[in-house]
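For reference, the structure is listed below as structure tokens.
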Amino acid sequence: MANLLAHLGLHVTFMALATLGLHTAATLLTIRASKKYLQQREKRTGKKTLPSYDILISCQHSIDCKSEAPIFCYGCANERCYFANINRMIMIVDSSTKSICLSMYILSNFDLTFAIIEAQKRGVRVRVLTDYKMFENNLCVEKLLENNVPIRIKESAENIMHHKLCLIDTEEEEREPVPTRGYVYDIPKTGAAMLGSQNWCLQALTVNYDNTIITTDVAILVPLQQEFERMWDDFSPRKLNRRY
759 MANLLAHLGL HVTFMALATL GLHTAATLLT IRASKKYLQQ REKRTGKKTL PSYDILISCQ
819 HSIDCKSEAP IFCYGCANER CYFANINRMI MIVDSSTKSI CLSMYILSNF DLTFAIIEAQ
879 KRGVRVRVLT DYKMFENNLC VEKLLENNVP IRIKESAENI MHHKLCLIDT EEEEREPVPT
939 RGYVYDIPKT GAAMLGSQNW CLQALTVNYD NTIITTDVAI LVPLQQEFER MWDDFSPRKL
999 NRRY
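Listed below in structure tokens is the structure:
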């Protein structure tokens, strides 16, 4: 396995492995993009048209192309490719210029988390909602809090915050747009959304039968933003409690 990783020129997030408790065969699923790949991605500039509707699907075949990914994820022939899918999700986050409203039951994917943090650093207004069961001992949540990303959680044990939703530039409040990051999508002025059954975690993005729908339909965006605002007002703000 070490030889395979060396051949791919990748590294594994071992801390995430320990946290998730995955068996050896699943460690390949935690492969994160190499420095060379990230540098190539950052050099890409320009904008790509975002369709009104699109869908990303994951299943047990999402890593069938792992021997080629992530270097060739832009042109991967696997329609369910994990690397191609997550790259598109990161591109949408990188396309934000005003706001990101993230409501996610499970948030444990480091690549998406770092994209959210980079958006915050660019000046995008970021707000995150999650469930209290998924808040404690969550390294990605800690990273967000360390970078001053405001997080609120659903405290009640009677019901859970089960949304898997990311709203991009959908807030009604007028804000001065900030620069995007790298190669991005051209987001309409009314914004875009990623939603579906898919948590932002390893299993959901790689082997589960899950989906993420991408849409710019205002008829969908407006009620979702209204619901986010309602939850934001109802939920409790949290601060970083260091474990050391």
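Mapped onto the numbering used here, the consecutive letters of the sequence shown carry residue numbers 759 to 1002. All residues carry an ideal CB built from backbone N, CA and C; glycine is no exception.
Cβ pair residue 876, residue 933 closer than 9 Å | no
Does DSSP put residue 758 in a helix, in a strand, or in coil?
-> There is simply no residue 758 to check, as the chain begins at 759 and stops at 1002 in what is shown.
From 966, 837 and 911, pick the residue whose C-alpha is nearest to that of residue 812; which is it?
-> 837
Between the stretch 959-979 and the stretch 878-887, do at least 3 Cβ pairs fall closer than 8 Å?
-> Segments in contact, no.
Does the stretch 975-991 touch the stretch 890-907, meaning 3 or more C-beta pairs lie closer than 8 Å?
-> no
Under the rule that 16 or more other beta-carbon atoms within 10 Å means buried, what is residue 869, buried or exposed?
-> buried
Top-ranked residue by Cα proximity to residue 818, from 848, 961 and 907 = 961
Per DSSP, which residues does residue 990 bridge with? Please list them.
-> Its beta-bridge partners do not exist; DSSP assigns none.
Residue 860 and residue 886: beta carbons closer than 9 Å?
-> yes
Indicate the three-state DSSP secondary structure (helix, strand or coil) for residue 873 in the structure shown.
-> helix
Take residue 855 and list the residues in its own chain whose beta-carbon comes closer than 8 Å to its own, dropping the five residues that flank it on each side.
-> 882, 927, 935, 936, 937, 938 and 945
With which residues is residue 967 paired in a DSSP beta bridge?
-> Partner(s): none; residue 967 has no beta bridge.
For residue 910, which of helix, strand or coil comes out of DSSP?
-> strand
Grouping DSSP H, G and I as helix and E and B as strand, with all else coil, what is residue 840?
-> helix
Cβ pair residue 950, residue 941 closer than 9 Å | No.
Coarse secondary structure for residue 898, derived from DSSP in three states = helix
Pick from 909, 806 and 841: whose alpha carbon is nearest that of residue 862?
-> 909
Integer Cβ distance of residue 974 from residue 816, believed to fall under 8 Å | Between residue 816 and residue 974 the Cβ distance is about 22 Å, and since that is not below 8 Å, they are no contact.
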